[in-house]
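Novice: I'd like to ask you about the structure that follows.
Numbering (this note's numbering), first residue to last: 29 to 432.
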């Protein structure tokens with residue numbers, strides 16, 4: 029019997045909770061019922077699986093258990109009797125978890141819920157945050173980190189978003205085909221953030237695979253939307269470097285130091301082909317430009333051969349389209365390669381990103397390159413105190429150098 033510990037159950041939660049929540053929201057039409065039932069099912073799994081072993085289909089077990097717990101709860105709520113009568117009778121042709129199929133342009137439960145959560149009645153930030161929480165398996169703390177805000181503030185935003193859905197009676201339905209493009213932007217943002225959450229370590233890699241799967245579905249569903257293709261290209265190009273981006277000890281390997289022989293050429297070729305197709309359309313967008321930047325890096329056999337002037341041109345376009353501090357920080361890195369560390373540092377010092385640890389790490393690297401060692405050490409320490417993993421903290425406290 030395979031060992032099933034708390035970490036293994038947590039990994040399955042990351043990979044399967046979104047599917048279970050999406051299925052139950054479709055079935056019950058209530059976010060809180062679905063969330064609570066899935067959380068309860070995983071609590072049961074934590075008690076049972078270590079002793080009994082994994083079931084043949086862990087995701088199906090979670091969904092079925094959660095559905096049954098939700099039904100039990102509804103039975104105890106007299107005012108829900110009408111709803112209970114509707115959902116207790118399974119439709120013919122239901123899937124292996126008892127969920128009736130729904131017709132419509134979006135056939136994937138998780139992607140369908142992304143579009144329904146991204147309703148125009150909610151702010152874009154609320155759309156993205158709520159969908160990350162429901163579908164990405166992210167904790168409130170992780171969602172807050174994605175938005176660079178405090179956890180209590182994010183918790184309040186999530187509660188308000190759920191209340192608004194109830195108060196406005198926003199329907200959980202598949203948008204009509206002509207409505208899908210208007211919902212695309214936040215959906216793309218969610219898929220991108222789910223992928224980034226999966227970069228946190230080996231236990232979260234299932235999130236990266238899920239994000240790429242969803243990106244492929246989006247690109248196929250909306251072939252006339254170049255940003256959907258751009259996101260897929262970007263994720264493929266980032267994924268191509270996965271094998272070389274983490275050291276055995278768990279710390280990050282900077283792009284310039286990665287062993288490019290370990291990059292996945294098949295993913296690079298697929299991503300670059302999509303980028304070329306996007307360029308022919310001449311309808312640039314944020315994800316297309318980021319993918320083009322990654323494609324330039326992938327073209328270089330070594331870091332020294334990178335076409336940094338071209339990267340900077342692309343960042344200029346990206347910053348004009350998305351003038352955010354994080355984009356400005358990444359552009360400053362390119363400036364440092366083209367015009368020198370002093371020019372880059374001047375740009376970095378203007379940014380209001382004190383709560384973002386890559387800002388301090390970038391600033392530290394530039395200070396070190398300028399020979400300002402004591403200031404660099406302080407900046408590395410500041411970055412280390414904010415880094416999300418022990419391996420990254422150790423790496424930063426060594427001044428951004430690998431252990432020997």
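The beta-carbon is built from N, C-alpha and C at its ideal position, and this holds for glycine as well.
Out of curiosity, what's the CA-to-CA distance linking residue 274 and residue 281?
Specialist: Rounded to the nearest angstrom, the two C-alpha atoms are 6 angstroms apart.
Novice: Who are the near neighbours of residue 369 in its chain, counting only those whose CB is closer than 7 angstroms to its CB and skipping five residues on each side?
Specialist: For residue 369, where only same-chain residues beyond five positions count, the Cβ hits under 7 angstroms are 394, 397, 398.
Novice: I believe residue 174 touches residue 162 by the beta-carbon criterion, under 8 angstroms. Please report the beta-carbon distance rounded to the nearest angstrom.
Specialist: About 14 angstroms; that fails the 8 angstroms criterion.
Novice: Using the beta-carbon count (16 or more within 10 Å), is residue 424 buried or exposed?
Specialist: So residue 424 ends up on the buried side.
Novice: Mind checking residue 402: buried by the 16 CB within 10 Å criterion, or exposed?
Specialist: When all chains shown are included, residue 402 counts as exposed.
Novice: How do the region 304 to 323 and the region 260 to 269 stand: do at least 3 beta-carbon pairs fall below 8 angstroms, yes or no?
Specialist: Yes, they touch.
Novice: For residue 336, which residues from the same chain have a beta carbon less than 7 angstroms from its beta carbon, with the 5 sequence-adjacent residues on both sides left out?
Specialist: Only 362, 365, 366 meet the Cβ criterion.
Novice: Taking the straight line between their C-alpha atoms, what separation do you get for residue 148 and residue 49?
Specialist: If you take the alpha carbons of residue 148 and residue 49, they lie about 21 angstroms apart.
Novice: Hey, which unbroken runs of the alpha helix (DSSP H) at 4 residues or more fall wholly within the region 238 to 320?
Specialist: Runs of the alpha helix (DSSP H) inside the region 238 to 320: 254 to 267, 293 to 309.
Novice: Give the straight-line distance between the Cα atoms of residue 118 and residue 54, rounded to the nearest whole angstrom.
Specialist: Confidence at residue 118 is low in this model, with a pLDDT of 43, below 50, so its placement is unreliable and the value that follows should be read with caution. Computed Cα separation, rounded: 13 angstroms.
Novice: With three or more C-beta pairs closer than 8 angstroms as the rule, is the region 306 to 320 touching the region 256 to 266?
Specialist: The region 256 to 266 is in contact with the region 306 to 320.
Novice: In the structure shown, what three-state DSSP assignment does residue 415 receive?
Specialist: Coil at residue 415, not helix or strand.
Novice: Hey, quick one: how far does the alpha helix (DSSP H) through residue 147 stretch, first residue to last?
Specialist: Residue 147 -> no alpha helix (DSSP H), and no H or E assigned at all.
Novice: Can you have a look at residue 137 and say buried or exposed, based on whether 16 or more other CB atoms are within 10 angstroms of its CB?
Specialist: It is buried - the Cβ of residue 137 has at least 16 other Cβ atoms within 10 Å.
Novice: As a quick exercise: from 143, 188, 341, 304, pick the residue whose alpha carbon is nearest that of residue 203.
Specialist: The candidate whose alpha carbon is nearest that of residue 203 is 143.
Novice: In three-state terms, what does DSSP make of residue 330?
Specialist: Here residue 330 sits in coil by DSSP.
Novice: Which ranges would you report for the alpha helix (DSSP H) in the region 318 to 382 if only whole runs of at least 4 residues count?
Specialist: Counting whole runs of 4 or more residues, the region 318 to 382 contains the alpha helix (DSSP H) stretches 336 to 349, 353 to 367, 369 to 376.
Novice: Taking 6 angstroms as the limit between beta carbons, can you name the residues of its chain near residue 299, skipping five residues before and five after?
Specialist: The residues are 261, 264, 265.
Novice: DSSP three-state call for residue 198: helix, strand or coil?
Specialist: Three-state result, residue 198: coil.
Novice: Using 8 angstroms for Cβ pairs, my map puts residue 387 next to residue 379. What's the rounded Cβ distance?
Specialist: With 8 angstroms as the limit, residue 387 and residue 379 qualify as a contact, their Cβ atoms being about 6 angstroms apart.
Novice: Just the Cα atoms here: how many angstroms apart are residue 146 and residue 155?
Specialist: So the alpha carbons of these two residues sit roughly 5 angstroms apart.
Novice: What separation, rounded to the nearest whole angstrom, lies between the Cα atoms of residue 102 and residue 84?
Specialist: When rounded, the distance between both Cα atoms is 28 angstroms.
Novice: Check whether the region 249 to 257 touches the region 306 to 313, counting contact only when three or more Cβ pairs, one atom from each stretch, lie closer than 8 angstroms.
Specialist: Touching, yes, given that three or more Cβ pairs across the two stretches are closer than 8 angstroms.
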